[in-house]
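Read through the structure below, which is laid out as structure tokens, and then see the notes.
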Amino acid sequence: MYSEKVMEHFNNPRNVGEIKDADAVGEVGNPVCGDIIKLYLKIKDDTIEDIKFKTFGCGAAVATSSMVTELVKGKKIDEALKVSKETVAEALDGLPSNKMHCSNLAADALHKAIKSYNKKDNSDNSGKENDTLDKATS
Amino acid sequence: MYSEKVMEHFNNPRNVGEIKDADAVGEVGNPVCGDIIKLYLKIKDDTIEDIKFKTFGCGAAVATSSMVTELVKGKKIDEALKVSKETVAEALDGLPSNKMHCSNLAADALHKAIKSYNKKDNSDNSGKENDTLDKATS
Amino acid sequence: MKNIYLDNAATTPVAPEVIKVMEPYFNIYYGNPSSVHTPGQDAARAVSEAREKVAELIGARDEREIIFTSGGTEADNLAIKGVAMSLQDRGKHIITSSVEHHAVLHTCEYLEKYLGFDVTYLPVDEKGFVDPSKVEEAIREDTILISIMLANNEIGTIQPVKEIAKIANEHDIYFHTDAVQAIGQIPVDVEKLGVDLLSLSGHKFNGPKGVGALYIRKGVKLAPQMSGGAQERRRRAGTENVPGIVGLGKAAEMAAHNLEEKRLKLKKLRDKLINGIENEIDEVYLNGPRGEDRLPNNVNFCFRYIEGESILLNLDMMGIAGSSGSACTSGSLDPSHVLLAIGRPHEIAHGSLRLTLGYNNTEEEVDYVLEVLPGIIKKLRAMSPLFDS
Amino acid sequence: MKNIYLDNAATTPVAPEVIKVMEPYFNIYYGNPSSVHTPGQDAARAVSEAREKVAELIGARDEREIIFTSGGTEADNLAIKGVAMSLQDRGKHIITSSVEHHAVLHTCEYLEKYLGFDVTYLPVDEKGFVDPSKVEEAIREDTILISIMLANNEIGTIQPVKEIAKIANEHDIYFHTDAVQAIGQIPVDVEKLGVDLLSLSGHKFNGPKGVGALYIRKGVKLAPQMSGGAQERRRRAGTENVPGIVGLGKAAEMAAHNLEEKRLKLKKLRDKLINGIENEIDEVYLNGPRGEDRLPNNVNFCFRYIEGESILLNLDMMGIAGSSGSACTSGSLDPSHVLLAIGRPHEIAHGSLRLTLGYNNTEEEVDYVLEVLPGIIKKLRAMSPLFDS
Ligand SMILES: Cc1ncc(COP(=O)(O)O)c(C=O)c1O
Ligand SMILES: Cc1ncc(COP(=O)(O)O)c(C=O)c1O
Ligand code: FES
Ligand code: FES
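Below is the structure:
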């Protein structure tokens, strides 16, 4: 059913947990199955310095959460925004067709977190790049 | 499918053949399958002295033909008329349910032969017992 | 690596005795039972002996009341569509329950969608029981069939089928029961239960996959759903799966013989599992009833805050095979319709685990499960955004 | 006692290689392919490999076009009822031939009886061929399906399916072919033939009984006939017959590999039988065509003045298993609908003998048949009231 890569991430998920003083948090519920992913980001100089997740969901949900955190940790946030569900599924050597929607969860949570961070950031600082970001997360 | 008795009669059918100068002949076609039995009787003093059959039909048709000839050979004709399809099927240790109609063939041919003999006999001699016979063969 | 199989409601290993009797029918007695010749008649005899054994297992008076099918699903489809087709002029209403197997539910939906039938799906109580008085209330002028399963495949609830069959009978309505999960677990007797149609499936009681049977009481009218040759008294066309049927016969014979011993053994293991889980883990909810009204091999829990598949994958890594509901819906992402029907909220229903015992499970295996399960639940809860540690 | 099996069109022995690959799936890899755990996924993988092999045998582009069923009958039923159900709003007319297997004919009759369909049963010529131009003439506005078999099970006629499929295609009508007898005998390629649906059955080419497949071209709309779980991409519910499917896969692999060798071998034996019977016995009539348009394993004769079952029983006593037509109608007393369709009068049609070769028949066996058959015919004719010796 699942690729070895998925099972490896499921068995040893990277970056499980919460960040108490997170700079950004993204939570999404899966409209198909009702499962939930929550991502916590620590951001400094537009760079994701730390990221953790909590997931209530299937094997694919856990593995994609873990993979997303690994893919974006240390990245600039505009780089991180390029991570799509396809990126995640590919990095995991594919997902069963009925589980493709699960990979949305993690990517969506990431985009949501960054968007909320930018909103907050904008009200603090200036508004540049906001337009592009909104497009990327829509 | 068939009992051992049926197979035994099928393999070694008794009294196969024709009687050229038969006193009575009965031929019936099976309305269900279209198969045919023909019985030849040699009758003397109301006794069946010889009987032979020819059959175009299934295993049950052959076995019942053979059994009928054996059951009535040497019998008085009014005794012979008591032989029904049930008698024949029983003597053969039963027949498959979809083959029960085949056992009609042989008994019917016998009754038809005797009836025709009696008709002939009656026109030669007197008419007694004709009524009862008609009833028995109807 | 351990190899503990606790998914016997999904399917069971074929018993060695069953494999043994099947073997010669693959390439020694391989004839077609419809053939006139000796190889064919040898096969026909084997089919007929198997039919007698299945009849005996379920107390059918006449082995001609048994029709072999390709499994439980086909038996359910044949029973329901067969009656529907043949009695549609009399009425187009069917009563069933909301906790039936999909083989029943989707067949009913098929009749609604394609043939204008009207189906009442009765609710169940929080243990999964159908209320016989609700069945009676649901009966209408045009009701032609009532179908209520004997035992539930997910939560093990044994339904009051005898009472429901009596009601059906009083109203002159055919009664079908899906006994796929009950056969080989509890005594089943079509005469005592008073049912008109009963489905069973070989692979659920250590027989082969791909073969099952439908009991059809003498006199019950039923249109065949598989059209073709004259096999099975014209009620189910297709060359007979001879080795499968022979295997089903042997499994039936063994089930009849081992029933009581197996029932007592599994009940003990079941209760040990149930008590162990309830003692070791917080916020767990047993699904289905306790005691005699529960299948002796069935354990089903909801674990709050976590999702079922994650539990299964973790158990699998420890060499334990369980399930989160019925196997054949595992492709689906909806929570179990059975758990929703007994009133579990969506997110709790999603965290279910079903462990179903088989005749070769041992107490050591149960101990091992009780040893590793708490750790798995703890690990998953620590990962859950819903859980506040 | 000899043991010469010449009824390979009724069913075949399972090849030893096939039995071998099936075995572990009874009680080692016995999981339910729908299950998430390792035993389940092992089974799922085996099913998927078998699917690829079947797809390869018939040249399907995508293995997802293969749906496993319980046999040829179910495949035919699924194809025809499935299309009928899903397209009934577009039209209710089906075209088929009068020499189809009962799995097709009775399915069509079912649609006429229960669902108001109208079916055209095309006649055939004296060799059993359907005329493609007659198919074209029969097409109406409301025709939704054409079903013509690839090869006839009684008389071996290979139909011009490619031409007929082309006509169907030009008119945008789905085309189904029953290839149950053709598979393993002649090359079959769904792309070259241009068919939308194709039925096959394991036990006709040394695979197991109780398993078959339906090829469904991508995009073809089809209502499932077995409702229930989500197996087979929701097109056929029911726990998969894993050992059977694995066996079918192996049989498909072997059939693909051995096809040409087997075809040449059987054709030689077939022609020896045909010539031998025609030379040795008077008043015999070969049913079906000669040469390339005849299945390589099929011999079918009418013997004037005598009845088929008597020939079979006599052959059986000599250790030879033959048949008088299709096995699954042997309970019936009507002469073969195929022989009547090619114009044999009733009493001649009743005297038919079908001998169908398999990959392990030998020339010695054929010689033995030719040695004993004349005597049997002679003995039976001597017993016949129709024969004037
Ligand atoms: C209650 C119930 N009914 C029907 C079925 C279907 O049986 P099968 O998978 O043999 O078709 C199952 C199991 O899958 C079942 O548990
Ligand atoms: C041409 C044809 N179609 C369909 C079938 C039915 O196949 P099965 O017996 O596997 O259901 C057969 C054989 O019985 C056949 O010869
Ligand atoms: S099924 Fe819910 S996240 Fe995958
Ligand atoms: S089938 Fe014709 S006589 Fe028996």
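Residue numbers (the working numbering), protein chains in the order written: chain A, 1 to 138; chain B, 139 to 276; chain C, 277 to 665; chain D, 666 to 1054.
Glycine is no exception: its CB is placed at the ideal position from the N, C-alpha and C atoms.
In the three-state reduction of the DSSP assignment, residue 959 of chain D falls in the strand class, which pools E and B. Within the same chain, 972, 973 and 1000 come within 7 angstroms of residue 1015 of chain D by CB-CB distance, once the 5 residues on both sides are set aside.
Around residue 873 of chain D, the same chain offers 679, 867, 909 and 912 as residues with beta carbons nearer than 6 angstroms, after the five sequence neighbours per side are excluded.
These are the residues, in chain order, with a beta carbon less than 6 angstroms from any non-hydrogen atom of ligand 4: B:168, B:171, B:173, B:195, B:196, B:198, B:199, B:237, B:240, B:243 and D:998. Excluding five sequence positions before and after residue 677 of chain D, the CB atoms of its chain that fall closer than 7 angstroms to its own CB belong to 868, 869, 870, 871 and 1023, given in chain order. With a cutoff of 7 angstroms, residue 830 of chain D does not count as near ligand 1, since its C-beta is closer than that to no heavy atom of the ligand. Listed in chain order, the positions of the segment 786–810 of chain D with a beta carbon within less than 7 angstroms of a beta carbon of chain C would be empty, since no residue qualifies.
The beta carbon of residue 322 of chain C lies closer than 7 angstroms to those of 301, 305, 518 and 522 in the same chain, with the five residues before and after it left out. Remark: C-beta atoms of residue 207 of chain B and residue 199 of chain B do not approach each other more closely than 8 angstroms. Chain order is used for the residues whose beta-carbon lies nearer than 5 angstroms to a heavy atom of ligand 1, namely C:347, C:348, C:349, C:377, C:379, C:429, C:454, C:456, C:457, C:477, D:903 and D:904.
Distances from the CB of residue 504 of chain C to the heavy atoms of ligand 2 include at least one below 7 angstroms.
Around the beta-carbon of residue 699 of chain D, 16 or more other beta-carbon atoms lie within 10 Å, marking it buried. Across the structure, residue 422 of chain C and residue 150 of chain B are spaced so that their CA atoms are roughly 56 angstroms apart. Taking one beta carbon from each stretch, the segment 494–512 of chain C and the segment 856–864 of chain D have fewer than 3 pairs nearer than 8 angstroms; the two do not touch. Counting only runs of 4 or more residues that sit fully inside the segment 825–887 of chain D, the alpha helix (DSSP H) segments are 826–835 and 855–858, in chain order. Taken in chain order, the whole beta strand (DSSP E) runs of length 3 or more contained in the segment 732–804 of chain D are 758–762 and 783–787.
Here DSSP, grouped into helix, strand and coil, assigns residue 323 of chain C to helix. Under DSSP, residue 562 of chain C shares a beta bridge with C:577. Annotation: residue 928 of chain D is outside any beta strand (DSSP E); the continuous alpha helix (DSSP H) that includes it extends over 907–945. Residue 292 of chain C and residue 692 of chain D have their alpha carbons spaced roughly 8 angstroms apart. At a beta-carbon threshold of 7 angstroms, the residues of chain C lying near residue 684 of chain D are 302 and 303, ordered along the chain. Close to residue 173 of chain B, with beta-carbon spacing below 8 angstroms, are these residues of chain D in chain order: 972 and 1015.
Short of 7 angstroms from the beta carbon of residue 327 of chain C, and not among the five residues preceding or following it, lie these beta carbons of its own chain, in chain order: 339 and 342.
By the Cβ test, the segment 949–956 of chain D is not in contact with the segment 171–185 of chain B, since fewer than three Cβ pairs between them sit closer than 8 angstroms. Within the segment 9–34 of chain A, the residues whose Cβ lies closer than 9 angstroms to any Cβ of chain C are, in chain order, 10, 11, 13, 16, 17, 18, 27, 30, 32, 33 and 34.
Residue nearest to residue 848 of chain D within the set D:878, D:838 and D:820 is D:878 (criterion: CA-CA distance). Here residue 181 of chain B really is in contact with residue 215 of chain B; their C-beta atoms are around 6 angstroms apart, less than 8 angstroms. DSSP lists B:178 as the bridge partner or partners of residue 163 of chain B. Contact check between the segment 385–399 of chain C and the segment 425–436 of chain C: fewer than three CB pairs, one atom from each, fall below 8 angstroms, which does not count as touching.
Around residue 59 of chain A, the beta-carbon contacts reaching into chain C at under 7 angstroms are 585, 586 and 589. When CB distances to chain C are screened at a threshold of 9 angstroms, the residues of the segment 873–885 of chain D falling below it are 873, 874, 875, 876 and 877, in chain order.
Between the segment 913–932 of chain D and the segment 960–970 of chain D there are three or more C-beta pairs closer than 8 angstroms, enough to call the two in contact. Distances between the C-beta of residue 868 of chain D and the heavy atoms of ligand 2 include at least one below 7 angstroms. Inter-residue distance for residue 350 of chain C and residue 899 of chain D is about 14 angstroms (C-alpha atoms, whole angstroms). For residue 981 of chain D, no beta strand (DSSP E) encloses it; the enclosing alpha helix (DSSP H) starts and ends at 973–982.
The segment 433–451 of chain C makes contact with the segment 399–419 of chain C: 3 or more CB pairs, one atom from each, lie closer than 8 angstroms.
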